Amino acid sequence: MPAMRSSLFRQTHPPHGGAGPRPSLTGAFKLSLRFLVLVLVLGGMAAVGYVGRAESSANETMFRQEVAPILARHCIGCHDASTAEAGLDLSHRDAALRGGHDGVVIVEGQADHSALWQVIDADLMPPDRPPLTDTEKAVIRRWINNGASWTIDFVDPAIYSGTPVRPQQWVRRLTVDEYVHTVADVFGVDVQAQAARLLPADPRADGFRNTAYSLNVDLKNVQAYARLAEQIVDSIPIERFAKQFHRGTKFTDKDMRGLIDAMGRHVYRGPLNESEIASLRGITTTVAAAGGTYEEAVRYVLLAMLQSPRFLYRIEQQVVDGARGKPGVAPERSVAVSDFEMASRLSYAVWGGPPDKRLFDLASKKRLHEREVVETEVRRMLDDPRARRQSLLFASQWLDLDRLANLSPDQKRFPKWQAALADDMRRETLAFFEEVVWNRRRPMVALLNEPVTFVTPRLADHYDLAVDVPADDDQALKLVSLVDVPQRGGLLTQGSLLTIGGDDASMVTRGLFVLNDLLYSRVGDPPPGLDTTPIPPSPGRSHRDIALDRVRNDACGGCHAKFEPLAFGLERYDGLGTYRLTDEYGNENRQDGAIQFPGDAMPTPFDDSAQMMDLLARSDRVSKGITRKLIQFVMGRPLTMNDVSAVDQIHQAALAEGGTYMATMIAIATSDLMARGRADLQSSDSNGSQP
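So in the UniProt record's numbering, spot 386 of the sequence shown is number 386, and the numbers just go up one at a time.
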């Protein structure tokens, strides 16, 4: 309809690069429309939070769901294969049923005659730790009296040590990176700088910045989304954008509904329901009643869409991690997500952004639950540059490379340190990851020992690297071979990882990284009141000496023996990653040691750091640990005991195809974790997560 020349309008001009002059509603009426948009936005957000999950289905075994978590939390710290105090290993079925030095501790069907129950009932175990609760005791007693059925071979504390709760399934908000990528793909507008300035940074939780339970929205987010929406809409030619989806420009119900339905499907990444169409139709009706233009109507509809939960969140309708059902009604144990939801799961997993036209077309044809179709599409998507970008984001978050921006060593101890070295280290690791994963298509475990790296002349000098790196004023990264440099090669020999221990090259921090992020294991928190103040080296007392004192200490050794020796092979690297045969006090830095792989009774020795890297790279435990990290990043949540079978299947499928990043992504994309959802009890700590 033609614009009415009345007091409601004044002529305005858009910012440079906009779509040209357009009539605009007056301030008072614009305020009322903004209020309408805000009501629609906040009304939607009020419904977004989490969807409850159903209890574990009846066929889940008591041991896996109830007993194993109790053993993992209270017993295995002292009674696993490596520690086995009193000769008792409660982490493996055969060993546990065999008993310890004093004989059998579990008498099947007879709790009162079982030494395990007797010491638990008397609060004698665990020592120096809180005793089991009455509920936990009842579980152990009932389990033994029912025959002590042991349904898994290995109680892995990394999997089973969380607290069983009725969990919450959080809806996934777009991270800042996903928001920027989504706006770029949907609208062709780059808001990276504005989003970084306006939006709060996504917090790091459980090792990643896309962990759903931590992605909250507060007033600052709401205000930032509103400002960004204005900037995005001001940056596009409104009518031309709208006509991609619907040619009609009249304020008829047919034209407006057609536009909202088609444009909304593009912006919301899936079909709109009748309620959503009606809400947005209310905006166009209000603009029309006030004498506004088609462009005004589209503008306010887009503003509402950009601030809607359907855009800002990856909402799956009535889904419990994929299980579809009615609100408040327990869904089936495993139900397929819709094809449009599958399209978004795939695109955000591989690209970190929205589906493209090809995925939308396949979703419309209901083809995205055909394994062959999904595999073909993921292979296609992996050839897109966006897949590399997403993989580097995974690497950066997994290795916590953002930490390097805050690296500030003691200038007295490290007078040659330059702040630019921190960024060189970050760039080195990302370039190395890209070279190994994409250019060489090597297995993911090759990240531990591939004999190449990338250095600037400045970084090569810092490392005292015995390779030829010509001077370069631009400090560009250069690929160098490390075949003749045995002390270098792999992630753990790069400054980005070696600095994780701080100025003093902490064996605690380095060892915990290897334990948690490579071996996918864990230890409990230190006992309350224990002094954990770091002890620096001194003349005659090296880092290893201090670590061995802790390992031999009765109060500390049970846990420290599991992770500090994992850093012994890194002893010759100082706190900033320089290789040194002696420390600043003249103490010898050694590089021999042994790796205690979780579940093994005896550690595996190595003579130097190169052997250590090779052991890690050959370990299936490390390979699966990296797979688990990638699955966690894709799913946006910590993995739980209920994911064990799916993780095993993904890992084996990836190994069968070479164990590469591409093979792992295809295995994840074609798994039930991606296509379906489970609605059973999961393991979780106090905030809904598990390490």
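Just so you know, even glycine gets a beta-carbon here, dropped at the ideal spot from N, CA and C.
The structure presented is a predicted model; accordingly, all values stated were derived computationally and were not measured.
query, result
"Pair within 9 Å by beta-carbon distance, PHE433 and ALA387", "no"
"Distance between beta carbons of TYR268 and VAL171, contact taken as under 8 Å", "Their Cβ separation, rounded to whole angstroms, is 14 Å, which puts VAL171 and TYR268 out of contact at 8 Å."
"Nearest to VAL378 (by Cα), restricted to the options THR533, LEU362 and PHE63", "LEU362"
"Through-space distance from ALA138 to TRP117, alpha-carbon basis", "10 Å"
"Cβ neighbours of GLY558 in the same chain (closer than 7 Å, five flanking residues each side left out)", "GLY77, CYS78 and THR83"
"VAL467 beta carbon near the ligand SAM (any heavy atom closer than 8 Å)", "The ligand SAM is absent from the structure shown, which contains no ligands of any kind."
"Of the residues ARG458, LEU566, ASP461 and LYS478, the one placed nearest THR509, counting alpha carbons only", "LEU566"
"Enclosing alpha helix (DSSP H) for VAL467 [first to last residue]", "Careful: VAL467 lies outside any alpha helix (DSSP H) and carries neither H nor E."
"Beta-carbon proximity of ASP400 to ARG98, cut-off 9 Å", "no"
"Short Cβ contact (9 Å threshold) for LEU673 with ASP643", "yes"
"The region 185 to 202 / the region 147 to 160 touching (three or more Cβ pairs under 8 Å)", "no"
"CB of MET641 within 9 Å of CB of ARG64, strictly", "yes"
"Beta-carbon proximity of ALA224 to ALA193, cut-off 9 Å", "no"
"Start-to-end residues for the beta strand (DSSP E) that takes in PRO605", "604 to 606"
"Own chain, CB closer than 7 Å to PRO534, minus 5 neighbours either side, in chain order", "ASP504 and SER506"
"Test item: CB-CB of PHE597 and LEU519 under 9 Å", "yes"
"CA nearest to the CA of SER275, picked from ALA290, PRO486, ARG257 and ALA95", "ARG257"
"Pair within 9 Å by beta-carbon distance, residue 692 and ASP356", "The question about residue 692 has no answer, for the chain in this structure spans 1 to 691."
"Supposed close pair THR456, VAL480 - CB separation, criterion 8 Å", "Going by Cβ atoms, the distance from THR456 to VAL480 rounds to 11 Å, so no, they are not a contact pair."
"Which residues DSSP lists as bridging PHE154, in chain order", "HIS92"
"Through-space distance from ALA405 to THR429, alpha-carbon basis", "14 Å"
"Contact set for GLY52: own chain, Cβ-Cβ below 6 Å, skip 5 residues either direction", "Legend: pLDDT at GLY52 = 39, less than 50; position of this residue unreliable, value from coordinates given subsequently. The answer is none, since no qualifying residue turns up."
"Distance, ALA610 Cα to GLN591 Cα", "9 Å"
"Any alpha helix (DSSP H) of 4 or more consecutive residues that is wholly inside the UniProt domain \"DUF1592\" (338 to 465)", "339 to 350, 357 to 364, 371 to 382, 385 to 398, 420 to 434 and 457 to 463"
"Local conformation of LEU479 per DSSP, three classes", "strand"
"DSSP-derived helix/strand/coil call for ALA505", "coil"
"Inter-residue CB distance, PRO69 and SER149 (contact presumed, cutoff 8 Å)", "16 Å between Cβ atoms; not a contact."
"Paired residues, beta bridge with SER538 - DSSP", "ARG541"
"Cβ neighbours of THR660 in the same chain (closer than 8 Å, five flanking residues each side left out)", "VAL437, ARG441, ARG442, PRO443, MET444 and ALA654"
"Residue burial classification, VAL176 (beta-carbon count within 10 angstroms, cutoff 16)", "buried"
"Buried or exposed by the 16-neighbour rule on C-beta atoms within 10 Å, applied to THR135", "exposed"
"Sequence-distant residues of its chain with Cβ nearer than 8 Å to ALA561 (five each side left out)", "SER82, THR83, VAL551 and GLN596"
"GLY658, DSSP secondary structure in three states", "coil"
"For TYR520, the three-state DSSP class (helix, strand or coil)", "coil"
"Environment of PRO331 [buried if 16+ CB atoms lie within 10 Å]", "Summary for PRO331: the model assigns pLDDT 41, below 50, so the residue's position carries little reliability; its value from the coordinates is reported in the next sentence. Label assigned to PRO331: buried."
"Nearest neighbour of GLN390, chosen from ARG209, SER91, ALA95 and ASP128 [CA to CA]", "ARG209"
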